[in-house]
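Student: Dropping a structure here in structure tokens format, bear with me for questions.
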Amino acid sequence: MSPTIHLAQQTEADELLGRSPLAALIGMLLDQQVPMEWAFSGPYTIAQRLGTDDLDAHEIAAHDPEAFVALLSEKPAVHRYPGSMAKRIQQLCQYLVDEYDGDATALWRDAKTGKELLARLNALPGFGKQKSQIFLALLGKQFGVTPEGWREAAGPYGEAGSYRSAADITGPESLAKVRSYKQEMKRAAKPAK
10 MSPTIHLAQQ TEADELLGRS PLAALIGMLL DQQVPMEWAF SGPYTIAQRL
60 GTDDLDAHEI AAHDPEAFVA LLSEKPAVHR YPGSMAKRIQ QLCQYLVDEY
110 DGDATALWRD AKTGKELLAR LNALPGFGKQ KSQIFLALLG KQFGVTPEGW
160 REAAGPYGEA GSYRSAADIT GPESLAKVRS YKQEMKRAAK PAK
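Counted the way the numbering used here counts, the sequence shown spans residues 10 to 202.
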């Protein structure tokens with residue numbers, strides 16, 4: 010049974026995220042410098058443009074790079090920076106092909122601890138510490154992937170009852186709480202004048 014995801018705030022895109030681990034990884038990769046809903050609807054848009062109902066790491070990794078950039082650049086673009094994101098998506102898929110035979114779930118299927126899973130996520134192209142911790146929290150909170158110590162490895166994003174990131178969004182109300190938290194953090198980070 011796939012989890013019910015609400016990150017794209019679009020039924021078909023969220024359904025894909027819930028049943029396709031690769032789509033969820035790509036959505037997380039795209040989640041920078043664009044609104045979260047735009048990022049997490051990207052995998053669905055890519056699948057539609059590829060003419061499929063799911064994403065395949067082998068197919069994306071083998072896709073002609075220029076054609077893949079063009080696919081992401083079509084209006085409406087999949088991301089604010091479709092060229093660089095097309096390259097990152099292909100790098101991510103190639104890594105999954107090389108290390109996990111293209112199976113995104115193999116990243117977490119046999120991870121014994123949250124620390125081990127975090128290290129695997131940190132090794133992904135385009136995933137730094139924060140993105141890895143948020144994705145680990147998303148796996149634990151919404152996908153039922155809970156190796157020992159996952160909350161600790163996810164840092165503050167793993168805290169129960171928090172509204173810090175995509176990991177905490179389960180509908181419009183929690184989305185509003187996460188947005189409010191992020192705006193507060195931006196305000197707090199601005200230097201006092």
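Beta carbons are placed, not taken as given, at the ideal position from N, Cα and C, and that holds for glycine.
Hey, quick one: how far does the alpha helix (DSSP H) through T179 stretch, first residue to last?
Tutor: Within the sequence shown, residue 179 is the residue found at index 170, counting from 1. Element bounds for T179: n/a, residue is neither H nor E.
Student: Evaluate K195 with the Cβ neighbour count: other Cβ atoms within 10 Å of its Cβ, from every protein chain shown; 16 or more gives buried, anything less gives exposed.
Tutor: As a working mapping, residue 195 is identified with position 186 in the sequence shown. The residue is exposed, with fewer than 16 neighbouring Cβ atoms inside 10 Å.
Student: Taking only the alpha-carbon atoms, compute the straight-line gap between H142 and A76 and give it to the nearest angstrom.
Tutor: On the sequence shown, residue 142 is found 133 positions in, with the first residue counted as 1. On the sequence shown, residue 76 is found 67 positions in, with the first residue counted as 1. According to the sequence displayed, residue 142 carries Gln and not His. Roughly 32 angstroms separates the two Cα atoms.
Student: Quick check: R97 and G135, are their CB atoms within less than 7 angstroms of each other?
Tutor: Along the sequence shown, one-based indexing puts residue 97 at 88. Along the sequence shown, one-based indexing puts residue 135 at 126. Yes, the pair counts as a contact, with Cβ atoms nearer than the cut-off.
Student: Return the residue from the list E157, P156, G158 and Q151 that minimises the CA-CA distance to G170.
Tutor: Position 161 of the sequence shown holds residue 170. The residue with the shortest Cα to Cα distance from G170 is Q151.
Student: Just to confirm before moving on: does the CB-CB distance between A128 and L34 stay below 7 angstroms?
Tutor: For the purposes of this step, residue 128 is identified with residue 119 of the sequence shown, where counting begins at 1. For the purposes of this step, residue 34 is identified with residue 25 of the sequence shown, where counting begins at 1. For the pair A128 and L34, the CB atoms are not nearer than the 7 angstroms cut-off.
Student: Taking C-alpha atoms, which residue in A120, D65, Q41 and L80 lies nearest to L25?
Tutor: If you number the sequence shown from 1, residue 25 lands on position 16. Put simply, of A120, D65, Q41 and L80 the residue whose alpha carbon is nearest the alpha carbon of L25 is D65.
Student: Going by other Cβ atoms of all chains shown within 10 Å of its Cβ, with 16 needed for buried, is H15 buried or exposed?
Tutor: On the sequence shown, position 6 is the one that residue 15 refers to. It is buried - the Cβ of H15 has at least 16 other Cβ atoms within 10 Å.
Student: Considering only residues of the same chain and omitting the five flanking positions on each side of E157, which have a CB-CB separation below 8 angstroms?
Tutor: Stepping through the sequence shown from its first residue, residue 157 is reached at position 148. Within the same chain, E157 has close Cβ partners K121, T122 and G123.
Student: Identify the continuous alpha helix (DSSP H) that holds K96 and give its terminal residues.
Tutor: To locate residue 96, count along the sequence shown from 1; it is residue 87. K96 -> alpha helix (DSSP H) spans P91 to Y109.
Student: Of all the options D23, D177 and R173, which has the alpha carbon lying nearest to the alpha carbon of Y190?
Tutor: Locating residue 190 in the sequence shown gives position 181, counting from the first residue. Of D23, D177 and R173, the residue nearest in Cα terms is R173.
Student: Would you list the residues sitting across from E168 in a DSSP beta bridge?
Tutor: Working through the sequence shown from its first residue, we reach residue 168 at position 159. None; E168 has no bridge partner.
Student: Which same chain residues end up closer than 7 angstroms to Y104 when comparing Cβ atoms and leaving out the 5 residues on each side of it in sequence?
Tutor: On the sequence shown, residue 104 is found 95 positions in, with the first residue counted as 1. Around Y104: L133 and P134.
Student: Give the single residue among P74, V154, W159 and L145 whose Cα lies nearest to the Cα of Q100.
Tutor: By one-based count along the sequence shown, residue 100 stands at place 91. Nearest C-alpha to Q100: P74.
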